[in-house]
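Undergrad: Quick one: structure below, then a few questions.
Protein chains: 4
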Amino acid sequence: MKRDTRDKIIETASELFYRNGYNLTGINEIIKESGIAKATLYSHFQTKEELLLAYLDAKDSELLSKIDSFISTKPRGNDRIVAVLQFLLPFFNQENFNGCWCIRTVAEVPRENDRIRSKIKDNKVQFRKFLSDVVSDNKPELSNQQQGYLTDQLYILYEGAITESHIHASDWPIVTSIDILKDKLDRI
Amino acid sequence: MKRDTRDKIIETASELFYRNGYNLTGINEIIKESGIAKATLYSHFQTKEELLLAYLDAKDSELLSKIDSFISTKPRGNDRIVAVLQFLLPFFNQENFNGCWCIRTVAEVPRENDRIRSKIKDNKVQFRKFLSDVVSDNKPELSNQQQGYLTDQLYILYEGAITESHIHASDWPIVTSIDILKDKLDRI
Amino acid sequence: MKRDTRDKIIETASELFYRNGYNLTGINEIIKESGIAKATLYSHFQTKEELLLAYLDAKDSELLSKIDSFISTKPRGNDRIVAVLQFLLPFFNQENFNGCWCIRTVAEVPRENDRIRSKIKDNKVQFRKFLSDVVSDNKPELSNQQQGYLTDQLYILYEGAITESHIHASDWPIVTSIDILKDKLDRI
Amino acid sequence: MKRDTRDKIIETASELFYRNGYNLTGINEIIKESGIAKATLYSHFQTKEELLLAYLDAKDSELLSKIDSFISTKPRGNDRIVAVLQFLLPFFNQENFNGCWCIRTVAEVPRENDRIRSKIKDNKVQFRKFLSDVVSDNKPELSNQQQGYLTDQLYILYEGAITESHIHASDWPIVTSIDILKDKLDRI
DNA sequence: AATGAATGAGCGTTCATTCAT
DNA sequence: CATGAATGAACGCTCATTCAT
Numbered sequence: 001m002k003r004d005t006r007d008k009i010i011e012t013a014s015e016l017f018y019r020n021g022y023n024l025t026g027i028n029e030i031i032k033e034s035g036i037a038k039a040t041l042y043s044h045f046q047t048k049e050e051l052l053l054a055y056l057d058a059k060d061s062e063l064l065s066k067i068d069s070f071i072s073t074k075p076r077g078n079d080r081i082v083a084v085l086q087f088l089l090p091f092f093n094q095e096n097f098n099g100c101w102c103i104r105t106v107a108e109v110p111r112e113n114d115r116i117r118s119k120i121k122d123n124k125v126q127f128r129k130f131l132s133d134v135v136s137d138n139k140p141e142l143s144n145q146q147q148g149y150l151t152d153q154l155y156i157l158y159e160g161a162i163t164e165s166h167i168h169a170s171d172w173p174i175v176t177s178i179d180i181l182k183d184k185l186d187r188i
Numbered sequence: 001m002k003r004d005t006r007d008k009i010i011e012t013a014s015e016l017f018y019r020n021g022y023n024l025t026g027i028n029e030i031i032k033e034s035g036i037a038k039a040t041l042y043s044h045f046q047t048k049e050e051l052l053l054a055y056l057d058a059k060d061s062e063l064l065s066k067i068d069s070f071i072s073t074k075p076r077g078n079d080r081i082v083a084v085l086q087f088l089l090p091f092f093n094q095e096n097f098n099g100c101w102c103i104r105t106v107a108e109v110p111r112e113n114d115r116i117r118s119k120i121k122d123n124k125v126q127f128r129k130f131l132s133d134v135v136s137d138n139k140p141e142l143s144n145q146q147q148g149y150l151t152d153q154l155y156i157l158y159e160g161a162i163t164e165s166h167i168h169a170s171d172w173p174i175v176t177s178i179d180i181l182k183d184k185l186d187r188i
Numbered sequence: 001m002k003r004d005t006r007d008k009i010i011e012t013a014s015e016l017f018y019r020n021g022y023n024l025t026g027i028n029e030i031i032k033e034s035g036i037a038k039a040t041l042y043s044h045f046q047t048k049e050e051l052l053l054a055y056l057d058a059k060d061s062e063l064l065s066k067i068d069s070f071i072s073t074k075p076r077g078n079d080r081i082v083a084v085l086q087f088l089l090p091f092f093n094q095e096n097f098n099g100c101w102c103i104r105t106v107a108e109v110p111r112e113n114d115r116i117r118s119k120i121k122d123n124k125v126q127f128r129k130f131l132s133d134v135v136s137d138n139k140p141e142l143s144n145q146q147q148g149y150l151t152d153q154l155y156i157l158y159e160g161a162i163t164e165s166h167i168h169a170s171d172w173p174i175v176t177s178i179d180i181l182k183d184k185l186d187r188i
Numbered sequence: 001m002k003r004d005t006r007d008k009i010i011e012t013a014s015e016l017f018y019r020n021g022y023n024l025t026g027i028n029e030i031i032k033e034s035g036i037a038k039a040t041l042y043s044h045f046q047t048k049e050e051l052l053l054a055y056l057d058a059k060d061s062e063l064l065s066k067i068d069s070f071i072s073t074k075p076r077g078n079d080r081i082v083a084v085l086q087f088l089l090p091f092f093n094q095e096n097f098n099g100c101w102c103i104r105t106v107a108e109v110p111r112e113n114d115r116i117r118s119k120i121k122d123n124k125v126q127f128r129k130f131l132s133d134v135v136s137d138n139k140p141e142l143s144n145q146q147q148g149y150l151t152d153q154l155y156i157l158y159e160g161a162i163t164e165s166h167i168h169a170s171d172w173p174i175v176t177s178i179d180i181l182k183d184k185l186d187r188i
C-alpha cells in the first residue's frame, strides 16, 4: 500500500470529521474530496471506525507537536506553564476552530463503544502526561504530589477553556482559565 | 394535543438522545420505545430538530432544579458555592451518566446550524447566570467585579469537571475541580 | 349537514386541486385552508376521491355557465360559434389559469380508475353536447350530419387550444384554433 | 456506470410513469419491477425528477423516430402530411396507450416547477419543428407564412386528437382531426 | 354535526459496506 | 493495488383515513 494514498485519506477525513463531525461525514464525501476510489479507501481502512482512530491519532500528534513548539518559545518557569493555556488563543482564532476532537467524538459514539472511548481516554491520558512533563520541567522545586496536583489543575483548565470557548464562540473562557492559573502559580 | 403524549415523546427522546447521541438516535427508535405512531410524533414536533430543542430544554430545566435543591441543603457561604461542584459527584455516579448534553450536542450539529448552537449557548449563559446568583448570594461581601471573576472560575471548573469525568469515566476531575475551588475560596 | 360547510370545502379543494393538482394536494392542506376539522371533512366526503368528483362537477358547471354567458353577448350565427374559442382568450389570461381540469385529472389517476375516468368522459360528452347545441342554434341550415361534423371540429379545436396554450404558456394556440375555425366556417 | 443498468431503469420507469403517472409511481415500485437495489438507482439518477427528465427524453425520441418511419412509407405530398395524424390510429390502438406523456406530466408538476415545465415545452417545440419540416418538405410550393400556418394547424389537430382519444377511449377524435386536415389541404 | 389526536403504510433519499473486474 | 457499480438497511418525513369524545 502506498503511504501517499493512506495519508491523503487521513488528511481529508480529518478535515471533514473535524469540521462536520464523524456521523455527519459520509464515506462518499471523503472519497470525493480525496479523489480516491471507494474500494481503495476500504483496502486501507476496513471500516469507517478505523478511519476515526487514525483521525484521532493524527490530530493528537499534531496538537502535541504544535503546543510543544509554542511553549518552547517562552522562558522556562511559570511562563511556560501558562503558555499551555495561552496556546489556545491563536488556536481558537483559527478559522476552522471547532473545539476539541476528543470531546466532540465522545459525544458521537454510543456508550457501549469501548474501542473508541478508551482510545480517546488514552489520548487524554497522554496529553495529561505531556502536561505533567511541562510541570515537572518548569516547577522542579515542587514535590511529586504538588506537581501532580498542579498538572490536574492545568488539565482541567485547559479542557474547560477549549470546550467553553467553542460553545460560546468567544475567547473569554480561555482568558479566564489563564487568570485562574496565574493566580494559582503566584501562590504556590 | 394531549400533554401526556407530548411529554411521553420528550421523555423517551431525551433518554435516547442522552444515551446514544442525537444523530445515532433514529425517529423509528423513539416511536418504538415510546409506543406511539410515527405520524403522532410528527403531529407534536414538526421535525426531529424540534425534538432536539425540547430535549435541551427539558434537560436544562431538570438540571437547574436539581442542582438548586442540592445546594440548598448546604449552609450558606463558601460551602454552598462548593456544593455546586459537589453536586457533580452523585450526578456522575448515576448509572446513565453520559456527560453534558449541551457539550455533546454541539459536537453533533454542523457549524452552520445557528438555531441549535445558539440555543445551547443560551442554555449555558442561563446556567452561568444561575452560578452568578449563587455567588452573589453567598459572597455578598465581594465587589461586583470579584463576583463576576469568581463566577467565571466556578463555571469553567464545573464544565471541565463534567466533561473530563465523562471522558475518563472517573470522578477525579470533579474532585480536582473541587480542590481548586476550595483553595481559591480560602484565599479570597 | 350544513350546506355552507360542504360548499366551503368544495370551494377550497377546487382551488387547490386546480392550482397544484389532485395528488399533490393533501387533505391537511384542504382543511387548513378551509378552516374546518378533518373529521368534518370526512363526514361530508367519505374519501378524497369523492371530493375530486365534486371538484370536477363544480368546475364544469361553472365553465358551462360562463361560456354560455360569454357567447350570448355575440350576434347569432358564425360569430357565436367562433366566440366559443374566443372565450378561451380571457380565460387563458386569468392569473390562475392552469389548463383543463379534466385533461389534467385524467393524467393523475391510474388507468384502472374507471370511476374517475368515466366521470371525466361524461363531462366532456356533456360539453360536446353544449357545443352541439351552439352549432344547431347558430347553423340551423346545416344537415344533422354536417352539424355533427362541425361540432366535432369545434370540440377538437377547443381542446387543442386550451391544452397547448397551457403547455406553451402562450395564447398562440388559441389564436390559431380561431383562425382554423373561421376559415372553415367561411367555406361551409 | 454500466449502460445496461441505466437503460433498464429508464425503461422500467418509463413504463410505470406512462401507465400510472409520475406521482403515483413510487421509487419502490420502480426498483422492484426493474430488479435493482434502491441505492443503485440513486447512483444513476440523483433524484426522482432526474428520472422523469430521462423518461420524457426517451419517450419523445422514440416517438419522433417512429412517426418519422411511419410517414416515410407514404407518398410525398399531402398524403405524407395527413399521415402524421394517421400515425395516431395504430398508436391509439396499442394496448398500453395512455395519451401524451407531456400533457399528462404537465398536469402532475406544480406550477412553480420550471425545470420540468420548460423541458416539456421544449419537447413540444421540437415536435412542432418536426412538423414544420414535414410541411416544408411536402408543400414546398407554399409561402413561408402559409407553411407556418399549416404547421400550427397540424400541431393543434395532432394534440387535440391524442388528448381526446385518450379521454374518450375512442379513435373518433383522431378520425375527425384527419377529416379537418384533409378538408383543409384540399382547399389550399 | 363537529372535533383533533392517533394511526399504518408508504414516501424519496442516504448510509457504510461488498464484490466482480 | 486500485476500481466503481451494486447492495440491504435505515433514514427523516407525509399520506389518506379512523376513532373516541
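Protein sequences, first through last, are from chains W, U, E and R.
So for the first sequence, my numbering puts the first residue at 1; every next one is plus one.
So for the second sequence, my numbering puts the first residue at 1; every next one is plus one.
So for the third sequence, my numbering puts the first residue at 1; every next one is plus one.
So for the fourth sequence, my numbering puts the first residue at 1; every next one is plus one.
The C-beta atom is built at its ideal place from N, Cα and C for all residues, glycine as well.
With distances taken from CA atoms, which of R:Leu-131, R:Asn-113 and R:Ala-161 is nearest Asp-68 of chain R?
TA: Ranking R:Leu-131, R:Asn-113 and R:Ala-161 by Cα distance to Asp-68 of chain R puts R:Leu-131 first.
Undergrad: For Gln-153 of chain U and chain W, any beta-carbon pair shorter than 9 Å?
TA: So yes, Gln-153 of chain U belongs to the interface.
Undergrad: Could you tell me the alpha carbon to alpha carbon distance between Val-125 of chain R and Lys-38 of chain W, rounded to whole angstroms?
TA: Roughly 43 Å between the two C-alpha positions.
Undergrad: Indicate whether at least one CB of chain U lies closer than 9 Å to the CB of Gly-26 of chain W.
TA: Output row for Gly-26 of chain W: interface = no.
Undergrad: With DSSP as the reference, label Asp-183 of chain R as helix, strand or coil.
TA: Asp-183 of chain R falls in the helix class under three-state DSSP.
Undergrad: Figure out for me which residue from E:Asp-122, E:Ile-162, E:Thr-176 and E:Glu-159 has the closest Cα to the Cα of Gln-145 of chain R.
TA: The shortest Cα separation from Gln-145 of chain R among E:Asp-122, E:Ile-162, E:Thr-176 and E:Glu-159 belongs to E:Thr-176.
Undergrad: Against chain E, with Cβ distances strictly below 9 Å, would Arg-115 of chain R count as a contact?
TA: Chain E contact via Cβ: absent.
Undergrad: With three or more C-beta pairs closer than 8 Å as the rule, is the stretch 131-142 of chain R touching the stretch 100-113 of chain R?
TA: At 8 Å Cβ cutoff, the stretches do not touch.
Undergrad: Pick out the complete alpha helix (DSSP H) segments inside the stretch 3-34 of chain W, 4 residues or longer, and give them in chain order.
TA: Taking only runs of at least 4 residues, the alpha helix (DSSP H) segments lying wholly in the stretch 3-34 of chain W are 3-20 and 27-34.
Undergrad: Examine chain E for any beta-carbon lying closer than 9 Å to the beta-carbon of Thr-163 of chain R, and answer yes or no.
TA: Yes, because at least one Cβ of chain E sits closer than 9 Å to the Cβ of Thr-163 of chain R.
Undergrad: What does the alpha-carbon distance come out to for the pair Asn-123 of chain E and Asp-57 of chain U?
TA: Spanning the two alpha carbons is a distance of roughly 57 Å.
Undergrad: Please go through the same chain and pick out, in chain order, the residues whose beta-carbon is closer than 7 Å to the beta-carbon of Thr-151 of chain W, but skip the five residues on each side of it.
TA: Only Arg-128, Leu-131, Ser-132 and Val-135 meet the Cβ criterion.
Undergrad: Do three or more CB pairs link the stretch 24-41 of chain U to the stretch 60-74 of chain U at distances below 8 Å?
TA: Not touching, per the Cβ criterion.
Undergrad: Give the range of the alpha helix (DSSP H) segment to which Val-125 of chain R is assigned.
TA: Counting along the chain, the alpha helix (DSSP H) containing Val-125 of chain R begins and ends at 114-138.
Undergrad: Pick helix, strand or coil for Leu-142 of chain E, following the three-state DSSP scheme.
TA: It is coil, neither helix nor strand.
Undergrad: Is the stretch 155-162 of chain R touching the stretch 136-143 of chain R in the sense that three or more CB pairs, one from each, lie closer than 8 Å?
TA: The stretch 136-143 of chain R vs the stretch 155-162 of chain R: no contact.
Undergrad: Taking all protein chains shown into account, do 16 or more other C-beta atoms lie within 10 angstroms of the C-beta of Ile-180 of chain R, making it buried, or fewer, making it exposed?
TA: Looking at its Cβ environment, which holds 16 or more other Cβ atoms inside 10 Å, Ile-180 of chain R is buried.
Undergrad: Could you check which residue in U:Phe-45, U:Glu-11 and U:Tyr-18 has the C-alpha nearest to that of Phe-97 of chain U?
TA: The shortest Cα separation from Phe-97 of chain U among U:Phe-45, U:Glu-11 and U:Tyr-18 belongs to U:Tyr-18.
Undergrad: Kindly provide the ranges of any alpha helix (DSSP H) runs that are 4 or more residues long and lie completely inside the stretch 46-79 of chain R, ordered along the chain.
TA: List check, alpha helix (DSSP H) in window: 48-72.
Undergrad: By the criterion of Cβ-Cβ separation under 7 Å, what are the contact partners of Leu-157 of chain U in chain W?
TA: The answer, in chain order, is Ile-156 and Gly-160.
Undergrad: Name the chain R residues whose beta carbon is nearer than 9 Å to that of Asn-20 of chain E?
TA: In chain order: Pro-110 and Arg-111.
Undergrad: Select from W:Ile-30, W:Leu-53, W:Ile-167 and W:Pro-173 the residue whose C-alpha is nearest the C-alpha of Tyr-149 of chain U.
TA: When only C-alpha atoms are compared, the closest one is W:Pro-173.
Undergrad: Is there a C-beta anywhere in chain R that falls below 9 Å from the one on Pro-173 of chain E?
TA: For Pro-173 of chain E, the answer is yes, since a Cβ of chain R falls inside 9 Å of its Cβ.
Undergrad: Compare the C-beta of Thr-5 of chain R with all C-beta atoms of chain E and state if any pair is closer than 9 Å.
TA: It does not: the Cβ of Thr-5 of chain R has no partner Cβ on chain E nearer than 9 Å.
Undergrad: Strictly under 9 Å for the Cβ-Cβ distance: is Asn-78 of chain R near chain E by that measure?
TA: Not closer than 9 Å to any Cβ of chain E, the Cβ of Asn-78 of chain R fails to qualify, so no.
Undergrad: Between E:Asn-28, E:Lys-74 and E:Ile-9, which has its C-alpha nearest Ser-44 of chain E's C-alpha?
TA: First, the residue type needs correcting, since residue 44 of chain E is His and not Ser in the sequence shown. Out of E:Asn-28, E:Lys-74 and E:Ile-9, E:Ile-9 has the C-alpha closest to the C-alpha of His-44 of chain E.
Undergrad: Answer with buried or exposed for Gly-26 of chain U, where buried requires no fewer than 16 other C-beta atoms within 10 angstroms of its C-beta.
TA: Counting Cβ neighbours within 10 Å, Gly-26 of chain U comes out exposed, since fewer than 16 surround it.
Undergrad: Compute the beta-carbon to beta-carbon distance between Ile-120 of chain U and Ile-167 of chain W, rounded to the nearest angstrom, for a pair I have assumed lies under 8 Å.
TA: Confirmed, Cβ separation roughly 6 Å.
Undergrad: Determine whether the beta carbon atoms of Thr-105 of chain W and Leu-52 of chain W lie at a separation below 9 Å.
TA: Result yes, Cβ atoms of Thr-105 of chain W and Leu-52 of chain W sit closer than 9 Å.
Undergrad: Suppose the cutoff is 7 Å on Cβ atoms and the five residues either side in sequence are ignored; what does the same chain contact list for Thr-12 of chain U look like?
TA: Cβ within range, chain order: Ile-30, Glu-33 and Ser-34.
Undergrad: Between the C-alpha atoms of Asp-186 of chain E and Ile-116 of chain E, what's the straight-line distance to the nearest angstrom?
TA: C-alpha separation (whole angstroms): 39 Å.
Undergrad: Have a look at Arg-3 of chain U and Leu-88 of chain U and give me their C-alpha separation to the nearest angstrom.
TA: Looking at the two C-alpha atoms, the distance is approximately 31 Å.
Undergrad: Leaving out five residues on either side along the sequence, give the residues of the same chain with a beta carbon under 6 Å from the beta carbon of Cys-100 of chain E.
TA: Contacts found: Ile-162.
Undergrad: Would you say Tyr-194 of chain W lies against chain U (beta-carbon separation less than 9 Å)?
TA: Here chain W comprises residues numbered 1 to 188, so residue 194 of chain W is not present and cannot be evaluated.
Undergrad: Measuring straight from C-alpha to C-alpha, what distance separates Leu-41 of chain U and Arg-6 of chain U?
TA: Each residue's Cα considered, the two are about 8 Å apart.
Undergrad: Could you check which residue in R:Gln-147, R:Asp-137, R:Lys-184 and R:Leu-16 has the C-alpha nearest to that of Ile-71 of chain R?
TA: Of R:Gln-147, R:Asp-137, R:Lys-184 and R:Leu-16, the residue nearest in Cα terms is R:Asp-137.
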